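Taking it in order: structure first as structure tokens, then the write-up.
In UniProt numbering, the protein residues as written are 1 to 308.
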């Protein structure tokens, strides 16, 4: 029994036959030349369209862009947050463009390994190392902001509750608890229950700074944040232009440099950039811990003298 047809088009479809013939030519070329057959940009785009598109990541209802902008307002020492839109190489079946977006954070300048922008490896890139495509520009922008926030949270630079955007800027974590109350003339010697003290990890009170499993550069960044300082840049120069991969280095604290000895953290003749940065950071850790102890002692002295 013949099936009904809406049109009297020739069967089999001539276009399909042309595609099959072209594929056969490409395959014959590769067999004869033992090399990939050449493709024009149009042909490549046509073939890419046959690949199933993975669903775009779901960012939910959270406004990550606003949250990231609030973070920068609370931490103005960093550079302005900049977003950059892009067009993905894949298009929709209808030929419409799909969008990507990246965002830069100056906080990543001192991290290991270096991160130029988000999404990044481990923070949003797909298994091919590419940013996932989105049908709407605003969704791509939200995703980029989410990836940056995920990194900030992992670096202990931002609270993880997705509401607060920063810790108390200039107060050390261990010093944020209120001191115990003392009897005075206003309470007639009766103490009210003191507020619970916050638990801290390590000898300095800054999470992770005594954990040797964490890179020294990351611990320096965390401790600087606790002290209200800008994390240093690591300036590296070749020890000898004739020798590869051996460096001298020093930290650069920018506007905060006056508070540090000029020769602090200087290294010479270190093999590899990563090792040079780590050796600089190890020297900085000892000095920054001392700064922390001094500030803590001063805080406790002032608190005790004022009876707060």
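All C-beta atoms in this analysis are idealised placements derived from N, C-alpha and C, irrespective of residue type, glycine included.
Source: prediction; values computed, not measured.
In this chain, the beta strand (DSSP E) harbouring residue 247 covers 246 to 252. When rounded, the separation of the alpha-carbon atoms in residue 285 and residue 120 is 28 Å. With a cutoff of 8 Å on beta-carbon distance, residue 246 and residue 270 are scored as near each other. Taken atom to atom, the span from the alpha-carbon of residue 118 to that of residue 300 is near 41 Å. Under the three-pair Cβ rule at 8 Å, the segment 137 to 145 counts as touching the segment 57 to 69. Under DSSP, residue 91 forms a beta bridge with 97. DSSP places residue 270 in the uninterrupted beta strand (DSSP E) bounded by 267 to 271.
Between the C-alpha atoms of residue 28 and residue 89 there is a straight-line separation of about 28 Å.
Residue range 233 to 238 is occupied by the beta strand (DSSP E) that includes residue 233. Under DSSP, residue 120 forms a beta bridge with 123, 124. Counting the other CB atoms within 10 Å of its CB gives residue 134 a total of 16 or more, which places it among the buried residues.
In the three-state reduction of the DSSP assignment, residue 108 falls in the helix class. Counting along the chain, no alpha helix (DSSP H) covers residue 56, and no H or E run does either. In the DSSP assignment, the residues bridged to residue 86 are 100.
It is roughly 23 Å from the alpha-carbon of residue 157 to the alpha-carbon of residue 235.
By the neighbour-count definition (other C-beta atoms within 10 Å, threshold 16), residue 219 is a buried residue. A residue is called buried when at least 16 other Cβ atoms come within 10 angstroms of its Cβ; residue 41 does not meet this threshold and is exposed.
When beta bridges are read from the DSSP output, residue 134 appears opposite 99. Rounded to whole angstroms, residue 85 and residue 38 show a C-alpha spacing of 30 Å. In the three-state reduction of the DSSP assignment, residue 214 falls in the coil class, being assigned neither a helical nor a strand state. When secondary structure is reduced to three states using DSSP, residue 45 falls in the helix class.
Rounded to the nearest whole angstrom, the C-alpha separation of residue 91 and residue 292 is 54 Å. Where residue 33 is concerned, the enclosing alpha helix (DSSP H) starts and stops at 14 to 33. In the displayed model, residue 37 falls within coil according to three-state DSSP, outside both helix and strand.
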